[in-house]
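Peer 1: Next up is a structure, given as structure tokens.
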Amino acid sequence: MSKISAHLPSSITPFSFISQIAGRIRIVPLLVLLISTVPAWFLTEAIAPHVVRAYTARVDLAIDRLPDENYETVLRRAEAAARASAQRSFDQDILVTDVSIIVSVQNYGAIAPVMTLEVSRPQWRSRPDAQNWATYYKTARSLLFFENSQDLPKK
């Protein structure tokens with residue numbers, strides 16, 4: 001035996017004043033949230049220091065060997081160029097905290113790095129000497145054909 005019953009809609013009485021209150025209850029926290037964020041943002045900006053965006057300046061320099069110039073003279077020119085570039089990098093931008101300079105030399109078509117200068121701003125301020133902070137590449141002399149330069153044709 002099966003019972004068949006009809007589903008009757010429930011008789012819920014609509015209360016219009018409850019829907020009006022519910023709408024206001026939803027709006028009030030939203031307004032409080034929106035209004036309180038602006039003073040909170042101002043407070044955090046006033047208390048917390050701003051982030052300083054410091055960075056490393058990277059410079060690649062290339063110099064050509066002059067006629068009748070030996071390796072030591074080229075190295076001194078490379079140091080002078082690196083010194084000037086480091087000073088220029090620190091002077092031009094106050095946000096630069098470190099400088100990294102690679103100096104390459106070209107000799108008869110051969111190009112090789114001869115030195116790297118890596119120095120921070122406080123180190124450079126205490127001793128602005130490129131020789132003090134430079135790293136020299138020992139194989140650069142042979143890569144640039146300075147050991148057997150008498151075999152190469154004159155330009």
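Position 111 of the sequence shown, counting from 1, maps to 111 under the UniProt record's numbering, and the rest follow consecutively. All residues carry an ideal CB built from backbone N, CA and C; glycine is no exception. All values derive from a computational prediction rather than experimental measurement.
1) Rounded to whole angstroms, what's the CA-CA distance from Leu75 to Val119? Just pull it up for me.
2) Relative to the C-alpha of Leu61, which residue among Leu34, Thr97, Ala82 is closest?
3) Going by beta-carbon coordinates alone, are Ala86 and Met115 separated by less than 7 angstroms?
4) Given Arg77, which residues of its chain have a CB within under 7 angstroms of its CB, disregarding the five upstream and five downstream residues?
5) What does the alpha-carbon distance come out to for the pair Pro113 and Thr139?
6) Can you look up Asn70 in the DSSP assignment and give me helix, strand or coil?
7) Take Asp151 and list the residues in its own chain whose beta-carbon comes closer than 6 angstroms to its own, dropping the five residues that flank it on each side.
8) Can you tell me whether Ile111 is buried or exposed, with buried defined as 16 or more other CB within 10 angstroms of its CB?
9) When the Cα atoms are used, what is the spatial distance from Leu66 to Thr73?
Peer 2: Per the coordinate set shown:
1) By 1-based counting over the sequence shown, the position of residue 75 is 75. By 1-based counting over the sequence shown, the position of residue 119 is 119. Roughly 18 angstroms between the two C-alpha positions.
2) In the sequence shown, the residue the question calls residue 61 occupies position 61. The candidate whose alpha carbon is nearest that of Leu61 is Ala82.
3) As a first step, residue 86 is located in the sequence shown; it is residue number 86 there, counting from the start. As a first step, residue 115 is located in the sequence shown; it is residue number 115 there, counting from the start. Cβ atoms of Ala86 and Met115: not closer than 7 angstroms.
4) What you label residue 77 is simply residue 77 of the sequence shown in a count that begins at 1. So the qualifying residues of the chain are Ile63.
5) Taking the sequence shown and counting its residues from 1, the one referred to as residue 113 is at position 113. Taking the sequence shown and counting its residues from 1, the one referred to as residue 139 is at position 139. So the two alpha carbons sit approximately 9 angstroms from each other.
6) Here residue 70 is taken as the residue at index 70 of the sequence shown, counted from 1. If DSSP states are grouped into helix, strand and coil, Asn70 belongs with coil.
7) Within the sequence shown, numbered from 1, the residue matching residue 151 stands at position 151. Here the model assigns Asp151 a pLDDT of 42, short of 50, so the residue's position is not dependable, and the following value carries that caveat. Excluding residues within five positions, none has a Cβ falling inside 6 angstroms.
8) On the sequence shown, residue 111 is found 111 positions in, with the first residue counted as 1. Exposed.
9) For this step, residue 66 is matched to residue 66 along the sequence shown. For this step, residue 73 is matched to residue 73 along the sequence shown. Approximately 10 angstroms, taken between the alpha carbons.
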